[in-house]
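Working notes, structure below.
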Amino acid sequence: MVATQPDRAAVAAPLLSVEDLTVRIGRKTLVDCVSLEVARGEVVGLVGPNGAGKSTLLRAISGVQSTAAGEVRIEGRSAVALGRRELAKRLAVVQQLPEAPSAMLVSELVLLGRHPHLGWFDRESGRDARIARLAMSRAGCLELADREVGTLSGGERRRAFIARALAQEAELLLLDEPTANLDAGAQAEVCDLLRTLASDDVGVLVVLHDLTLAASTCDRVILLAEGRVVATGSPDEVITAEHVARMYGPGVAVLRHPEDGRPIVVPALGSRR
Amino acid sequence: MNADRADAVLDVPVTRARWTAFASIGPTAGAVLLLAIVALVAMTQGAAAIPVRTTLGMLLDRLPLIAIDQDVPATWDRIVFDVRLPRIVAAGLVGAALAYSGTAYQGVFRNPLADPFLLGVASGAGFGAAIAIISPLPSSAYGFGWVPVFAFVGAIATVSLVYAAARSAPGSQGATLILAGVALSAVLSAGISFILLTGGERARPILSFIFGGFNTASWERVIAALPYIVVGAVVVASHSRVMNVLQLDGEQAAQLGVNVTRSTLIILAAASLMAAAAVSVAGIIGFVGLIVPHSARMLVGWDHRRLLPVAALGGAAFLIAADLASRTILAPEEIPVGVLTAMIGGPFFLYLLRTRRVDGGR
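Each protein sequence line maps, in turn, to chains A and B. Just remember that our numbering sits 100 ahead of the position in the first sequence, which is counted from 1. Just so it is clear: in the second sequence, position 184 is 166 by our numbering, and no numbers are missing.
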């Protein structure tokens, strides 16, 4: 009944819905008929072994990787039909190894995140500067505002690019391994930030290598292998001993957190015979 | 996330970023002053030395509502307004166009070595112009010269080939871009020489394209090239912020809402139009689009909204000064200005190679 009314249907449409997305490069299928949804206020983790197609999937969703089949919808509207600019207002991406000129200041980099919101001849206003400043403070890099990008450490650089994505004020955020190469404290900070964003009604889709981190951060986890969705559900349902053994071999064990019962994945040395 | 919550983090000192919004006023004003001084000096120097005061008086006298009574020989009037001024305006226009297009190429290719000369665009434009000169086409039709049109076609074809070569090449795109440009430039220069040597009397004007210079500058040529340069500059300038976003990698730029392919093609076409117009006025003058944008970037940084105006003014001043040197150093002999810029630009290129990586070392 509800579905017959188009405007009601639009309200009910999930923030991000991906239907049967397929990416082929040459004769190799990197993403194979993947469907997923991300709702507002939800952190969805994308996990899986190396080469599972996680990064390719994010790039395809953000429209920089051409797809062989399938559709990406933002609140029910086709991402292709939205166009680059409108898409960039709704969807922001933090890539794994983004580039920027080394002489660019962090504050200038973050201000570039305002680009989709500015008209052809607009200059960044005081309001844009404030939004950039807030983005930097949320990403924990406000004290880096006057530093040149080329002088940042790996972790500082990561925070600067997260701030750039936050400055887009998109309701949907895609991140490709935002915790790679960070120390344990910085990893926890990034995951905390994702939770805070979700509590502000942002939808987050994040590729994480660390299954324990994924289990403690995400509301739902999607396990991807060879371009296909193998399992999807709560961390408890997806990060199981069976799945982990199948995906990562017998060298890892799944424990339970003594307090909240969430899965913890640890190496089980000597189990490989 | 809403802007009001930002108030909490507003109580911090003014950052360098906000300060740099005004930081370009100094260098821009400096570049305007430099251009004015260089142009004035260039008007006074030459076979007949005319005092600066007298020259200033003559210039002001030409302005409406201002009358300055001074005793000036009629020959001085002709020297300043018919000989030196068109030459200075031509050099300034060409210098600005080359520096502007160099800045645009460097911005789009994210490569500090992308200069109209090193990309082969200048030779491509020269080749196009050479074909226009020996072709049986009338020298102009409906007030539009054929030379700039052919030069533009040559420039566009060259930059397309070089861009395609760099995109399809494995490994370092930045190095491939310049290598492909230099290789294509060699082929096209050989082509120009061939046309010159086999074209007979009709091909004689091509000689001045090879060396590049302003000894044949005239108001007609300046006016013929001006519309192309203005159109190119307006298109490039309107893409200033897009070029800023393109300083990030292409995927990030796309994810920030930039149509990367379309913007790249538009900016390349506009930059090539400017370079071709410059070549059709003055022939092949290398390295202006390398030296000037690099110096401007050191002064005002990477933001194209600050960089482009300073590069244009600096390019004009640089080429007027170079032309002044070319006609006075060995007077009454003239050194082609292209020879002079190459003598400065070659070592500068080597210096850039030593101090910066071709890729990403921006």
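Cβ atoms here follow ideal geometry from the backbone N, Cα and C, with glycine treated the same way. It should be emphasised that the depicted structure is a prediction, and the values quoted were computed from it without experimental measurement.
Quick one: which chain A residues come within Cβ less than 9 angstroms of residue i?
| i | result |
| --- | --- |
| B:N241 | G183, R184, R185 |
| B:G283 | A203, M204, L205, E208 |
| B:R336 | Within 9 angstroms Cβ-Cβ: nothing; B:R336 doesn't reach chain A, min ~17 angstroms. |
| B:S150 | Near B:S150 there are no residues of chain A at all, since even the closest Cβ is about 15 angstroms away, more than 9 angstroms. |
| B:R382 | What is shown of chain B runs -17 to 344, which leaves residue 382 of chain B out entirely. |
Can you tell me whether DSSP reads residue i as helix, strand or coil?
| i | result |
| --- | --- |
| B:G125 | Because B:G125 sits at a pLDDT of 49, beneath the cut-off of 50, its placement in the model cannot be relied upon, and the point is left open. |
| A:R140 | coil |
| A:G333 | strand |
| A:G126 | coil |
| A:T104 | Residue confidence is low: A:T104 scores 47 on pLDDT, short of 50, so the model does not pin down where it sits. No coordinate-derived value is stated. |
| A:D292 | helix |
| A:S225 | coil |
| A:E271 | coil |
| A:L308 | coil |
| A:R328 | strand |
| A:D360 | coil |
| A:V302 | coil |
| A:L121 | strand |
| B:F331 | helix |
| A:L116 | strand |
| B:D97 | coil |
| B:L322 | helix |
| A:L297 | helix |
| A:L146 | strand |
| B:D64 | helix |
Kindly list, in the order they appear in chain B, the residues whose Cβ is closer than 7 angstroms to that of residue i.
| i | result |
| --- | --- |
| A:G216 | Residue 216 of chain A is actually Pro in this sequence, not Gly. Chain B residues near A:P216: L238, G239. |
| A:A341 | Those within 7 angstroms of A:A341 in chain B number zero; the least Cβ separation is about 37 angstroms. |
| A:Q195 | E233, Q234 |
How would you write the range of the alpha helix (DSSP H) that residue i sits in, first residue to last?
| i | result |
| --- | --- |
| A:A391 | What is shown of chain A runs 101 to 373, which leaves residue 391 of chain A out entirely. |
| A:L355 | Taken as a continuous stretch (DSSP letters only), A:L355 belongs to no alpha helix (DSSP H), being part of the beta strand (DSSP E) at 352 to 356. |
| B:L47 | Run containing B:L47: none; DSSP gives neither H nor E here. |
| B:W250 | Going by the sequence as given, residue 250 of chain B is Leu instead of Trp. Taken as a continuous stretch (DSSP letters only), the alpha helix (DSSP H) holding B:L250 covers 242 to 264. |
| B:S105 | 103 to 116 |
| B:F91 | 67 to 91 |
| B:E233 | 232 to 237 |
| B:D59 | 56 to 60 |
| A:R214 | Element bounds for A:R214: n/a, residue is neither H nor E. |
| A:A160 | 154 to 161 |
| A:V249 | Where A:V249 is concerned, there is no enclosing alpha helix (DSSP H), given that its DSSP letter is neither H nor E. |
| B:L228 | 222 to 228 |
| A:E342 | 341 to 348 |
In the DSSP assignment, the beta strand (DSSP E) including residue i goes from what residue to what residue?
| i | result |
| --- | --- |
| A:I322 | 320 to 325 |
| A:P367 | 363 to 367 |
Give the interface partners of residue i over in chain A, defined as CB-CB distance under 8 angstroms, in chain order.
| i | result |
| --- | --- |
| B:R288 | Those do not exist, as B:R288 stays about 11 angstroms from chain A at its closest Cβ, beyond 8 angstroms. |
| B:S220 | W220, F221 |
List, in chain order, every chain B residue whose beta-carbon is nearer than 8 angstroms to that of residue i.
| i | result |
| --- | --- |
| A:E199 | L230, D231, Q234, G342 |
| A:R138 | The displayed chain sequence assigns Val, not Arg, to residue 138 of chain A. Ordered by position in chain B, no residue passes the 8 angstroms Cβ test against A:V138, which lies about 17 angstroms from the chain. |
| A:A325 | Those within 8 angstroms of A:A325 in chain B number zero; the least Cβ separation is about 25 angstroms. |
| A:M347 | None at all; the shortest Cβ gap to chain B is about 28 angstroms. |
| A:G213 | L238 |
Answer yes or no: the CB of residue i versus the heavy atoms of the ligand GTP, is any distance below 7 angstroms?
| i | result |
| --- | --- |
| B:P318 | For the structure depicted, the ligand GTP is absent and the ligand set is empty, with no information on it obtainable. |
Under 8 angstroms by Cβ, that's how I've got residue i and residue j pegged, so tell me the actual separation to the nearest angstrom.
| i | j | result |
| --- | --- | --- |
| A:H215 | B:L289 | The pair is not a contact, with the Cβ atoms about 17 angstroms apart (cut-off 8 angstroms). |
| B:L322 | B:A307 | 6 angstroms |
| A:V206 | A:V164 | The pair is not a contact, with the Cβ atoms about 24 angstroms apart (cut-off 8 angstroms). |
| A:V302 | A:V321 | Incorrect: roughly 18 angstroms between the Cβ atoms, too far for contact. |
| B:M256 | B:A72 | Not a contact, Cβ separation roughly 14 angstroms. |
| B:L101 | B:V135 | Contact flag wrong, Cβ pair sits at about 16 angstroms. |
| A:D300 | A:V144 | That pair is no contact at about 16 angstroms. |
Under 9 angstroms Cβ-Cβ, which residues of chain B neighbour residue i?
| i | result |
| --- | --- |
| A:S155 | What A:S155 touches in chain B: nothing, since even the nearest Cβ is about 11 angstroms away. |
| A:S162 | E233, A236, Q237 |
| A:A188 | A236, Q237, L238, G239, V240 |
I want to verify the contact list: residues of chain A whose CB lies under 7 angstroms from the CB of residue i, in sequence order.
| i | result |
| --- | --- |
| B:N226 | L212 |
| B:R35 | Per Cβ cutoff of 7 angstroms: no residues; B:R35 is ~42 angstroms from chain A at best. |
Alpha helix (DSSP H) runs wholly inside the stretch 4 to 36 of chain B, at least 4 long, in chain order: 7 to 26
Contiguous alpha helix (DSSP H) assignments of at least 4 residues, all confined to the stretch 165 to 208 of chain A: 179 to 182, 184 to 190
Those runs of the alpha helix (DSSP H) which lie wholly inside the stretch 266 to 318 of chain B and span at least 4 residues: 270 to 282, 286 to 310
Inside the stretch 144 to 206 of chain B only - alpha helix (DSSP H) runs reaching at least 4 residues: 155 to 180, 188 to 193
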